[in-house]
Amino acid sequence: MADPAKTEEKRRAWGDEDEEEDSSSVASSSLVTAASVAAEGKAAEGEASELKKIEELSITEKSRTLDDPEDSEIKAVTSGNTVYEAAVKFEDLNLSQDLIKGLYVEMGFTRPSKIQAVSLPMILTPPYKDLVAQAHNGSGKTTCFVLGMLSRVDPTKEGPQAMCICPTRELAQQNQAVLMRMGKYSGITSMCAIPSESAGYIPVYKRPEVKEHVVIGTPGTIKKLMTGRKLKTGNIKILVFDEADHMLAEGGFKDDSERIMKDIRKESGGCQVLLFSATFNETVKAFVSNVVRDGNQIFVKKEDLTLEKVKQYKVKCYRDRERPDERLKIEVIKKILEYGQKVGQTIIFVRTKESARNLHKQLSSEGYECTSIQGALVIEDRDKIIKEFKDGLTQVLITTDLLARGFDQAQVNLVVNHDLPVNYESYRRGSPEPDCEVYLHRVGRTGRFGRKGAVFNLLGSRDDEALLEMIENHFQHKIPMVDNGQNDDSIVNAIKDAGLL
DNA sequence: AAAAAAC
0 MADPAKTEEK
10 RRAWGDEDEE
20 EDSSSVASSS
30 LVTAASVAAE
40 GKAAEGEASE
50 LKKIEELSIT
60 EKSRTLDDPE
70 DSEIKAVTSG
80 NTVYEAAVKF
90 EDLNLSQDLI
100 KGLYVEMGFT
110 RPSKIQAVSL
120 PMILTPPYKD
130 LVAQAHNGSG
140 KTTCFVLGML
150 SRVDPTKEGP
160 QAMCICPTRE
170 LAQQNQAVLM
180 RMGKYSGITS
190 MCAIPSESAG
200 YIPVYKRPEV
210 KEHVVIGTPG
220 TIKKLMTGRK
230 LKTGNIKILV
240 FDEADHMLAE
250 GGFKDDSERI
260 MKDIRKESGG
270 CQVLLFSATF
280 NETVKAFVSN
290 VVRDGNQIFV
300 KKEDLTLEKV
310 KQYKVKCYRD
320 RERPDERLKI
330 EVIKKILEYG
340 QKVGQTIIFV
350 RTKESARNLH
360 KQLSSEGYEC
370 TSIQGALVIE
380 DRDKIIKEFK
390 DGLTQVLITT
400 DLLARGFDQA
410 QVNLVVNHDL
420 PVNYESYRRG
430 SPEPDCEVYL
440 HRVGRTGRFG
450 RKGAVFNLLG
460 SRDDEALLEM
470 IENHFQHKIP
480 MVDNGQNDDS
490 IVNAIKDAGL
500 L
């Protein structure tokens, strides 16, 4: 539907948003069999001074139906003396009846997923400790922090008591949508603090004070409201950073995030801070555990992060010459879409806004319906394109890394990397390295909640081949090559092998 | 290079 020429672009886009992580589907459950507590080191039994215990939560999961992405062990390190028991049922969590009803009736959940089982007790048990939590894509992280926020709000009191900071507008909106559904029966109110349409822009000083209980938004708007004294943070009890590794990364939102965290911690007299993401590279991890020194931690080994039900492939899209063959990429994409349309929705990732536009134009002109989104679009168009895709009105969405993180759409079962994610710093240094974290997030747009999916990585050069090899090594996961031949069934077979079709 | 962002 979307006509590329029709979508206006703004010279300076200051919208933010992106979409979140777990949405509609049933959080399928993993069975928590045992939580054995092993004392760190060879500490003698009487050593009460030992502050840290390492709990190896060995978790066997039984994926009963189609859900259950998390196979691997997650390792939890607790701080302090509290012993947490994994929640087998939502009833184990002392939630209000309103929230229980929201989980079962509105969300349709049955039991906590693995990350929920492990993290929710840590979030909800006093004394309220900070938490850094890593879990697989599509494993239900959003539910963890949304439930955390809802549980800590007193609906009889007015004003902000919980806050969530996200990297993009789309993600903030998606998270708020989840919160509203889950909190449907609780009487808890929320607002989305993101840049609004330029037409209806109201300067901060003219806005009323925020009265809602929960504020979800992007760093700039949140900061603006805070400095404009329209967002009082004195009663904030819980502060969440979604996609926390990115929110705290150099070159990410580090400065904004630290500022916000510092101010709120001071104003509120110390509030609980939750950091959630599917990825934490070593640099961020070191920094993060410094930020939440006295907190609990949940981590997953990077080798265990790849989603089993999502099949990854690579396709050679260059011929003899060692330069990208855009034409060949288009042909391969067309092949993928031919069959992809039959199985569900497709997201195509590109590196730049310009490629998003160009690819959109090209595919459209060849009769392949698609839409595209990137940060230069005006907010109205961004919202419209997301809505159309979420409503299933469009099948193919071309995007920059705007949607790499958190975007949750169960029907997406094909992801195409038209360009591989490259670490910009290394690129500038002249020795390009892949951005493995972004790669993992892109892959995670499919296979939500244990569903099946396929990812096609288009290799435009020998360099791309080397990049993907580094990604394979990073995750210790070999990615098979699929023939690009236009005359055989390699692509179809790959889609079939992934369990689609 | 992507994203957020202002009055």
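For the first sequence, position 1 matches number 0 in numbering that gives the first Met the number 0, and the numbering has no gaps at all.
Idealized CB from N, CA, C, for every residue including glycine.
Predicted model only: the values in this text are computed from it and were never measured.
Just reading off the alpha helix (DSSP H) that residue i is part of, what are its end residues?
| i | result |
| --- | --- |
| MET106 | Taken as a continuous stretch (DSSP letters only), MET106 belongs to no alpha helix (DSSP H), as it is neither H nor E. |
| ASN412 | Taken as a continuous stretch (DSSP letters only), ASN412 belongs to no alpha helix (DSSP H), being part of the beta strand (DSSP E) at 411–416. |
| PHE144 | 140–151 |
| PHE406 | Segment: none, PHE406 is in no alpha helix (DSSP H) and carries neither H nor E. |
| GLY219 | 218–226 |
| CYS435 | 435–442 |
| ILE114 | 113–123 |
| ALA171 | 168–181 |
| GLN96 | 96–100 |
Could you pull the start and end residues of the beta strand (DSSP E) that residue i belongs to?
| i | result |
| --- | --- |
| CYS191 | 189–192 |
| GLN344 | 344–348 |
| ASN280 | Note, ASN280: premise wrong, no beta strand (DSSP E); not H, not E. |
| ALA453 | 452–458 |
| ASN295 | 295–298 |
| LEU238 | 237–241 |
| LEU396 | 395–398 |
| ILE372 | 370–372 |
| ALA198 | Per DSSP, ALA198 belongs to no beta strand (DSSP E) and is neither H nor E. |
| LEU130 | 130–133 |
| GLN311 | 309–315 |
Tell me the rounded alpha-carbon separation between residue i and residue j.
| i | j | result |
| --- | --- | --- |
| LYS389 | VAL87 | 31 Å |
| LYS128 | LEU92 | 16 Å |
| PRO120 | GLU196 | 39 Å |
| GLY429 | ARG228 | 45 Å |
| ALA192 | ASP496 | 43 Å |
| ASN472 | LEU466 | 10 Å |
| THR305 | LEU439 | 7 Å |
| GLY233 | LEU178 | 22 Å |
| ILE378 | PRO166 | 15 Å |
| ALA132 | GLY182 | 22 Å |
| GLN410 | GLU368 | 17 Å |
| VAL239 | CYS143 | 10 Å |
| GLN172 | VAL415 | 25 Å |
| THR226 | ILE201 | 16 Å |
| THR109 | LEU102 | 8 Å |
| ALA375 | PRO194 | 14 Å |
| GLU105 | ARG450 | 21 Å |
| VAL481 | VAL421 | 22 Å |
| ILE470 | ARG206 | 47 Å |
| ARG444 | GLU307 | 14 Å |
| ARG168 | GLY219 | 11 Å |
| LYS383 | CYS270 | 36 Å |
Excluding sequence positions up to five away, which residues of its chain have a Cβ less than 8 Å from the Cβ of residue i?
| i | result |
| --- | --- |
| VAL342 | ASN412, LEU413, ILE494, LEU499, LEU500 |
| PHE474 | LYS301, GLU302, LEU304, THR305, CYS435, LEU439 |
| LEU230 | PRO159, ALA192, GLU208, VAL209, VAL214, ILE221, LEU224 |
| VAL331 | VAL314, CYS316, PHE455, LEU457, ASN483, ILE490 |
| SER425 | PRO431, GLU432 |
| LEU327 | CYS316, TYR317, ARG318, ASN483 |
| LEU247 | PHE240, LYS253, SER256, GLU257, LEU274, VAL283, PHE286, VAL287, VAL290 |
Exposed or buried, what is residue i when buried is set at 16 or more other beta-carbons lying within 10 Å of its beta-carbon?
| i | result |
| --- | --- |
| LYS477 | exposed |
| THR77 | buried |
| GLN485 | exposed |
| SER276 | buried |
| PRO479 | exposed |
| GLN96 | exposed |
| LYS386 | exposed |
| PRO431 | buried |
| ARG441 | buried |
| PRO126 | exposed |
| LEU94 | buried |
| ASP407 | buried |
| ALA198 | exposed |
Could you tell me how far apart the beta carbons of residue i and residue j are, in whole angstroms, since I believe they sit closer than 8 Å?
| i | j | result |
| --- | --- | --- |
| HIS212 | GLN160 | 5 Å |
| ILE259 | ILE215 | Actually they do not touch by this definition, with Cβ atoms about 13 Å apart. |
| PHE448 | GLY147 | The Cβ separation is near 20 Å, so there is no contact. |
| ALA85 | ALA134 | Wrong, their Cβ atoms sit about 13 Å apart, outside the cutoff. |
| LEU98 | CYS316 | So it is not a contact: roughly 49 Å between Cβ atoms. |
| THR81 | THR124 | 6 Å |
Let me check you understand the geometry: is the CB of residue i closer than 8 Å to at least one non-hydrogen atom of the ligand ZN?
| i | result |
| --- | --- |
| ILE297 | Absence of the ligand ZN is noted for the structure shown, with no ligands found whatsoever. |
For residue i, which residues in the same chain have their Cβ closer than 7 Å to its Cβ, ignoring the five residues on either side in sequence?
| i | result |
| --- | --- |
| GLY251 | HIS245 |
| GLU157 | LYS210 |
Got a sec? Which residues, its chain only, sit under 6 Å from residue i by beta carbon, not counting five neighbours each side?
| i | result |
| --- | --- |
| ASP418 | VAL349, ARG350 |
| VAL145 | VAL177, LEU178, MET181 |
| GLN311 | VAL454, ILE478 |
| ASN492 | none |
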